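Residue numbers (this note's numbering): 8 to 304.
In this text, a Cβ means the ideal position worked out from N, Cα and C, and glycines have one as well.
Note that this is a predicted model, so its numbers are computed, not measured.
For reference, the structure discussed in these notes is given below.
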């Protein structure tokens, strides 16, 4: 098995299940994940937002506000997670939310939607909540358990990136039910994003995840993905210090995507220009094995 850092094109796009988890682990905190709001129009047409975040260095892409049965991105003809992954040479996943009245049915982590997610070829899912939903950790834990039971082949990350309309402390105690429910990755707000989440507190959440053999996903879900690059670099290094495995950057700059310059700045901060440029430059159809590409540290 190779590090995610050393995989390209079809080899990277095909990662699923334990292979995806191991490839992330072996990359030692140097995996980037960009989130986009799939129905929003492109910020730089004719390039779609999916293509844009991949071009600026994202290793993984998460689609927000998309139906698992009909995954589409505005500006692209491709449909379904297999097709979208092949087009950009990256694993593609989606957000699902708890089965609550405040959440549209197509975005809920029900058994039906979980099976559709797996059948459609999603690499991973975020069990999380969009702003104003009134979501509690207990809701997320129940949704995580449902999803893991119905779609065991899809890597399941769970947690909050912000309050989601319910004032609730985010700490190592309140996130534990998510890990007990089977989450394979825990969302941890990056210190400096959610008020009250300190570096020491976030580090405890990362340790809790690792103690459960789960990944830690550092998240920026507070519109700071649209801040200046210097701020983003500060957040990136804070996430690196607390030990996250995956670095998520959210979708709330303009038109449902992060600032591409900030995706680039984040990537350079956590892994330097060589790995960043390689991810940006290698085509969606190239592979490490076919092209004779040897990984470096």
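message: In chain order, what are the residue ranges of uninterrupted beta strand (DSSP E) at least 3 long that sit wholly in the region 83-158?
response: 99-103, 131-134
message: Can you find the residues in the same chain that come closer than 7 Å, C-beta to C-beta, to residue 119, ignoring five residues on each side of it along the sequence?
response: none
field: Sequence-distant residues of its chain with Cβ nearer than 7 Å to residue 259 (five each side left out)
entry: 230, 232, 233
field: Boundaries (first-last residue) of the alpha helix (DSSP H) holding residue 38
entry: That residue, residue 38, is in no alpha helix (DSSP H); its beta strand (DSSP E) goes 38-44.
field: Ranges of the alpha helix (DSSP H) found wholly within the region 230-260, counting only runs of at least 4
entry: 236-249
field: N-terminal and C-terminal residue of the beta strand (DSSP E) that residue 225 is part of
entry: 222-226
Neighbourhood of residue 208 by C-beta distance below 6 Å, restricted to the same chain and skipping five residues each side: 178
- prompt: Taking C-alpha atoms, which residue in 137, 122, 237, 84 lies nearest to residue 131?
  reply: 122
task: Whole angstroms is fine: what's the gap from residue 298's alpha carbon to residue 181's?
output: Legend: pLDDT at residue 298 = 49, less than 50; position of this residue unreliable, no value from coordinates given.
- request: Could you tell me which of 222, 272, 166, 170 sits nearest to residue 29, measuring between CA atoms?
  value: 222
message: Suppose you measure from the CA of residue 72 to the CA of residue 45; what does that come to, to the nearest Å?
response: 6 Å
- prompt: If residue 60 sits next to residue 265, beta carbons under 8 Å apart, how far is it from one beta carbon to the other, in whole angstroms?
  reply: 7 Å
task: Using the Cα positions of residue 139 and residue 110, report the straight-line distance between them to the nearest angstrom.
output: 10 Å
task: Any chance you could list the beta strand (DSSP E) runs of at least 3 consecutive residues sitting entirely within the region 46-85, in chain order?
output: 67-71
field: Proximity of residue 69 and residue 24 at Cβ, strictly below 9 Å
entry: no
task: With a threshold of 16 other CB atoms inside 10 Å of the CB of residue 261, please say whether the residue is buried or exposed.
output: exposed
- request: Just mark residue 77 as buried or exposed, buried being the case when its beta carbon has 16 or more other beta carbons within 10 Å.
  value: exposed
query: Would you say the region 46-60 touches the region 159-173, given that touching needs at least three Cβ pairs under 8 Å?
result: no
message: Quick check: what's the CA-CA separation for residue 6 versus residue 106?
response: The structure shown does not extend to residue 6, since the chain is modelled only from 8 to 304, so the question has no answer here.
message: Can you tell me whether residue 196 is helix, strand or coil according to DSSP?
response: strand
message: With H, G and I counted as helix, E and B as strand and the rest as coil, what does DSSP make of residue 162?
response: strand
Inter-stretch contact at 8 Å, needing at least 3 Cβ pairs: the region 234-250 / the region 189-207: yes
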